[in-house]
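*Asks:* In our numbering, the protein residues as written are 15 to 652.
Note that CB positions come from ideal geometry on N, CA and C, so glycine has one too.
Treat the numbers as computed from the prediction; the structure is a model and nothing was measured.
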Amino acid sequence: MARLETNFVHLHNHTHYSLLDGASKIPDLVARAKELGMPAVAITDHGNMHGAYEMWSTAVKAGIKPIIGIEAYVTPETARQDKSRVHWGTEAQRSDDVSGGGLITHMTMWAENDEGLTNLLKASSIANLEGRVMRYPRMDKDVLSRYSKGVIASSGCPSGIIQTRLRLGQFDEALRAAGEFQDIFGRDNFFIELMNHGLSIETRVTKDLLEIAKRLNAPLLATNDLHYVHEEDREAQDAMLCINSGSRLDDPDRFKFDGSGYYLKSAEQMRELFKEFPEACDNTLEIARRCNVMFDDGEDGAFMPQFDCPEGWDETSLFLKKVEEGLERRYNNNVPMEVLKQADYECGVICQMQFCGYFLVVADYINWAKAHGVMVGPGRGSAAGAMVAYAMGITELDPMKHGLIFERFLNPERVSLPDIDVDFDPDGRAKVLEYVGEKYGRDKVAQCVIYGTIKTKQALKDSARIMGYEFSVGEKITKILPPPKNGKDMSFHDIFDEKSKRYAEAREFREMYDTDPDTKRITEEAKGIEGLIRQTGVHACATIMGSEPITDTSPLLERTDGTITTTFEYHTCETLGLVKMDFLGLSNLTVIRDTLKNVEHNGKEPIDYTKIPLDDKETYQLLARGDTLGVFQLDSDG
15 MARLETNFVH
25 LHNHTHYSLL
35 DGASKIPDLV
45 ARAKELGMPA
55 VAITDHGNMH
65 GAYEMWSTAV
75 KAGIKPIIGI
85 EAYVTPETAR
95 QDKSRVHWGT
105 EAQRSDDVSG
115 GGLITHMTMW
125 AENDEGLTNL
135 LKASSIANLE
145 GRVMRYPRMD
155 KDVLSRYSKG
165 VIASSGCPSG
175 IIQTRLRLGQ
185 FDEALRAAGE
195 FQDIFGRDNF
205 FIELMNHGLS
215 IETRVTKDLL
225 EIAKRLNAPL
235 LATNDLHYVH
245 EEDREAQDAM
255 LCINSGSRLD
265 DPDRFKFDGS
275 GYYLKSAEQM
285 RELFKEFPEA
295 CDNTLEIARR
305 CNVMFDDGED
315 GAFMPQFDCP
325 EGWDETSLFL
335 KKVEEGLERR
345 YNNNVPMEVL
355 KQADYECGVI
365 CQMQFCGYFL
375 VVADYINWAK
385 AHGVMVGPGR
395 GSAAGAMVAY
405 AMGITELDPM
415 KHGLIFERFL
425 NPERVSLPDI
435 DVDFDPDGRA
445 KVLEYVGEKY
455 GRDKVAQCVI
465 YGTIKTKQAL
475 KDSARIMGYE
485 FSVGEKITKI
495 LPPPKNGKDM
505 SFHDIFDEKS
515 KRYAEAREFR
525 EMYDTDPDTK
535 RITEEAKGIE
545 GLIRQTGVHA
555 CATIMGSEPI
565 TDTSPLLERT
575 DGTITTTFEY
585 HTCETLGLVK
595 MDFLGLSNLT
605 VIRDTLKNVE
615 HNGKEPIDYT
625 KIPLDDKETY
635 QLLARGDTLG
645 VFQLDSDG
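The following block contains the structure:
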C-alpha cells in the first residue's frame, strides 16, 4: 500500500539567536515553512531559548504551529559545575571525541506542553547560571532529570553523547547512555535522531544508531541541521562563522561547515533524503502533533512585584497612608484644598488600576537611595505630573505649581502600566540595584538583555575584512554612507529601493557600487549579514521585577562580569506580565554631587539644588551666552 503521508516538519533549526552561527531570521524561517505547506516549524538554538517567544508569536500570527525547543549543551557525563575537560578516546581519536575540546555534548529537546515549556526555561537558566564554561551553558543529567516532565528529547546531532561514543567504537557505552535518556524522558519521549548532510561523522554511526533504536524500541527521527533558510543563504552563514572566528573566507584552516544542505528543504527533499526511513519522517509530524504550548500574553503587570507591608496593612492602605504623610511633609502640615482634591483623584485612579504596590516599590528604592547618599534626579518624563509621586518622594517637582498633567502619566480611560524613569548617579545606581535584588528576591529581579544586530556600516566593514581587503577599503566605502537620521542607520533597503524615503541621499554610494567592482562585491556580501544578531548586551536602564521567579517566564543569562539579565527583551517580558523598572545612570548627577561637596569643602554654605529658583537671572544669562557645555539636555544640537 502506498504511504499516505508526504509532509514533513523541520524540528532542528538554528536562528540567528545561535549567535554568529545561525543565519536564519525567525520571520523568514516561519514564512518559508508556511510557503512549503508545512504545518509547524521548530526553534532549537544552541544552548539558549533567546528566540522562543519571537518564534511562538511570529508563527501564531502566520497561522503555523510553533514548536519551542533547544539544542542543549550537555556535560560529558560530568556535573555541570565540573569544568574539567573529558576525553573518552585515545589521542589518535581526538577529532571524533567530545566536542568543545572535551567540554560539551549536544541534545535536542522540545516542549510538549506548557509544563514542558516552563521546564525548558528553567533548565536553560540553570545551564547559564550554574553550568557555563567559556561560551557553553551546560546542563547535566541532574538538570535533565529534574526538568524532564512535558519534554520530548532526541539523541541530537553528531556531537551528541551517543554518536560520540559510537564514533569512538564504544557501542556498549552508547547503548547505556541511550537507555539512561530513555529512562529520564520516558520510552515514548526519547528519539534517535538521524541527519544526512553527506558527512562521514553521520554515516559512520547510522548502522549502530539503528541497532540501538531496535534494542531499546526507540523511535527514529529525521532532521536537518538547519542554519539558514534558503540554499543561497549559505554564504551569509559562512560569513558569520568568519566573523565569529576572526578569520578570512580564503583561510584554508578556518572553521566552516563541511557537507551541504543546512537549509529549510521541502518535504519532498527530506523524504527523498531519508527514503530508507519513512517512519523517521512520519515522526516529525507526530512530534508536531504532540507539541502544543502557549506563552501567556497576560494582562499588564500580572506579576507586579509585591511590597512587604507591616502587619495590619495591605498595599492599598499603606499606599494611602504614605501619600497622606508625604503631603503633610511637602506642605508643612498645611495642604491646600486643590492639592488634596488632586491627590484624592489620583489615589482613586491608582487604587482602581491596582498599582498601589508599584508606587510603594518605586518610592522604597528611591528613598533608600537618598538615605544612603545616592544622588537621585528630581524627576523625568510624565511621572512628574503626578501629585502622588511628589508626595511619596519619587519626584521633586510640585505638579500643581508647574502646571503638569497627571493624565499624561496615567490615563483612567486607557489602562497601561505606569512608567517611572529614575536617574541615579552611575556609582549609586549599582548600589540601588543591589538593594532591590536583596529586598525583593534575586530570583525576581534581573536587568534586561539587548541584542545588537549588524547594521549596514558594520556589515560592510565585516565583509571587507573577511574577504581579505585592506582596512582602508572598508573605511572608504562606509565613509560615503549617509549619516543616521533620527537615530536610525541607513539600510541597504534605503539605499537600493527607489520607494524608500531616503533613496536620494544614497546617490553617491550607488554610483560607487555601479562603478567599482570591489564595492559591489563587498556590498553583495554585506547584504546577507545585515540585520543578523552579532552580540548581546545589557539594556542601559531597563530592569525586570516580578512577584514570581523570573525563570517561570523568561530564561536568565549570566554575563562574564556577573550581571544577570533576562534573555527576553524588556518588551517581551512586559507582554508576558513582568514589570519593567527604569534605573538610569546619569553622569550629570555625579557632577552635581561632586560640585555640592566641593562647595561644602571650601567652607561655603551648603546648597540644596532643588531650592534653586527656576527664574534665576544668572542661569538665564549663562544660557543666553550659549555656555551650555555640560548642562544636561542643553549641551547638544538636538
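Would the C-beta of Asp-202 count as close to the ligand GDP, meaning under 6 Å from any of its heavy atoms?
*Replies:* For the ligand GDP, the structure offers nothing, since it holds no ligand at all.
*Asks:* Where Arg-428 and Met-367 are concerned, what is the direct C-alpha to C-alpha distance, given to the nearest angstrom?
*Replies:* Whole-angstrom Cα-Cα distance: 10 Å.
*Asks:* Among residues of its own chain, excluding the 5 on either side of Gly-482, which ones have a beta-carbon nearer than 8 Å to its beta-carbon?
*Replies:* For Gly-482, where only same-chain residues beyond five positions count, the Cβ hits under 8 Å are Arg-262, Leu-263, Asp-264.
*Asks:* Report the rounded CA-to-CA distance for Leu-603 versus Ala-518, giving the unit in angstroms.
*Replies:* Their backbone Cα atoms lie some 42 Å apart in a straight line.
*Asks:* If you drop the 5 nearest sequence neighbours on each side, which residues of the same chain put their C-beta closer than 8 Å to that of Arg-344?
*Replies:* Contacts found: Tyr-404, Ala-405, Asp-412.
*Asks:* Report the option in Leu-598, Ser-71, Glu-207, Arg-303 whose CA atom is closest to the CA atom of Asp-439.
*Replies:* Minimum Cα distance to Asp-439 is reached at Leu-598.
*Asks:* Could you tell me which uninterrupted beta strand (DSSP E) segments, each at least 3 residues in length, are contained entirely in the segment 512 to 587, listed from first to last along the chain?
*Replies:* 547 to 559, 570 to 572, 578 to 580, all fully within the segment 512 to 587.
*Asks:* Tell me the rounded alpha-carbon separation between Glu-360 and Phe-309.
*Replies:* In a straight line, the C-alpha of Glu-360 is about 33 Å away from that of Phe-309.
*Asks:* Short check: CB of Thr-119 to CB of Ser-173, under 7 Å?
*Replies:* Their beta carbons are under 7 Å apart, which means Thr-119 touches Ser-173 by this criterion.
*Asks:* Taking Cβ to Cβ, would you say Ile-468 is nearer than 7 Å to Ile-543?
*Replies:* Result yes, Cβ atoms of Ile-468 and Ile-543 sit closer than 7 Å.
*Asks:* State the beta-bridge partners of Ala-93 as determined by DSSP.
*Replies:* The partner list for Ala-93 (beta bridge, DSSP) is empty, contrary to what the question assumes.
*Asks:* How would you label Ala-638, buried or exposed, when you count the other beta carbons within 10 angstroms and need 16 or more for buried?
*Replies:* It counts as exposed.
*Asks:* Helix, strand or coil for Thr-467 per DSSP?
*Replies:* Three-state DSSP puts Thr-467 in a strand.
*Asks:* Inspect the beta-carbon positions of Val-147 and Lys-97 and report whether they are closer than 7 Å.
*Replies:* The answer is yes: Cβ separation under 7 Å.
*Asks:* Excluding sequence positions up to five away, which residues of its chain have a Cβ less than 6 Å from the Cβ of Ile-408?
*Replies:* Result list for Ile-408: Val-376, Ala-377, Ile-380, in chain order.
*Asks:* Between the segment 581 to 591 and the segment 484 to 500, do at least 3 Cβ pairs fall closer than 8 Å?
*Replies:* No: the two stretches stay apart, fewer than three of their Cβ pairs being nearer than 8 Å.
*Asks:* Let me know the beta strand (DSSP E) ranges lying completely inside the segment 140 to 195, each 3 residues or longer, listed in chain order.
*Replies:* List check, beta strand (DSSP E) in window: 165 to 168.
*Asks:* Suppose you measure from the CA of Ala-16 to the CA of Tyr-87; what does that come to, to the nearest Å?
*Replies:* Residue confidence is low: Ala-16 scores 41 on pLDDT, short of 50, so the model does not pin down where it sits. No coordinate-derived value is stated.
*Asks:* For Gly-362, does the three-state DSSP call read helix, strand or coil?
*Replies:* Three-state DSSP puts Gly-362 in a helix.
*Asks:* Work out the CA separation of Ser-159 and Glu-194 for me, nearest whole Å.
*Replies:* Each residue's Cα considered, the two are about 10 Å apart.
*Asks:* Spell out the partners DSSP gives Lys-594 in its beta bridges.
*Replies:* Answer by DSSP bridge pairing, in chain order: Ile-558.
*Asks:* Quick one: is Met-559 buried, meaning 16 or more other Cβ sit within 10 Å of its Cβ, or exposed?
*Replies:* Answer is buried; the Cβ neighbour count reaches 16.
*Asks:* For His-24 and Leu-278, I'd like the C-alpha separation in whole angstroms.
*Replies:* Going from the Cα of His-24 to the Cα of Leu-278 covers about 7 Å.
*Asks:* Where does Asp-503 sit, in a helix, a strand or coil, going by DSSP?
*Replies:* Reduced to three states, the DSSP call for Asp-503 is coil.
*Asks:* Answer yes or no: do Pro-319 and Ser-561 have a C-beta to C-beta separation smaller than 7 Å?
*Replies:* Yes, they are a contact pair.
*Asks:* Which partner residues of Tyr-379 appear in the DSSP bridge assignment?
*Replies:* The partner list for Tyr-379 (beta bridge, DSSP) is empty, contrary to what the question assumes.
*Asks:* So, at 8 Å on beta carbons, what are the nonlocal neighbours of Asn-21 in its own chain, with the 5 sequence-adjacent residues on each side left out?
*Replies:* Within the same chain, Asn-21 has close Cβ partners Gly-51, Met-52, Pro-53, Ala-281, Leu-299.
*Asks:* Check whether the Cβ atoms of Val-337 and Val-436 lie closer than 7 Å to each other.
*Replies:* No, these two residues do not count as a Cβ contact at 7 Å.
*Asks:* Does the segment 35 to 47 come close enough to the segment 237 to 248 that 3 or more CB-CB pairs lie under 8 Å?
*Replies:* A contact exists between the segment 237 to 248 and the segment 35 to 47.
*Asks:* Could you check whether the segment 137 to 154 touches the segment 112 to 129, counting it as contact only if at least three pairs of C-beta atoms, one from each stretch, sit closer than 8 Å?
*Replies:* The segment 137 to 154, when compared against the segment 112 to 129, does touch it at the 8 Å Cβ threshold.
*Asks:* Could you compute how far the alpha carbon of Cys-256 sits from the alpha carbon of Ser-477?
*Replies:* Near 9 Å, if we compare the C-alpha coordinates of Ser-477 and Cys-256.
*Asks:* Check each candidate in Val-450, Asp-186, Arg-607 and name the one with the smallest Cα separation from Gly-655.
*Replies:* Residue coverage of the chain in this structure runs from 15 to 652, which leaves residue 655 outside it and unanswerable.
*Asks:* Within 10 angstroms of its Cβ, does Gln-635 collect 16 or more other Cβ (buried), or is it exposed?
*Replies:* It is exposed - the Cβ of Gln-635 has fewer than 16 other Cβ atoms within 10 Å.
*Asks:* Got a sec? Which residues, its chain only, sit under 7 Å from Ile-621 by beta carbon, not counting five neighbours each side?
*Replies:* Once the five neighbours on either side are set aside, the close Cβ partners of Ile-621 are Leu-610, Val-613.
*Asks:* Checking the sheet assignment: what are the DSSP bridge partners for Asp-437?
*Replies:* Partner(s): Leu-598.
*Asks:* Assign Lys-79 to one of two classes, buried (16 or more other C-beta atoms within 10 Å of its C-beta) or exposed (fewer than that).
*Replies:* Result: buried.
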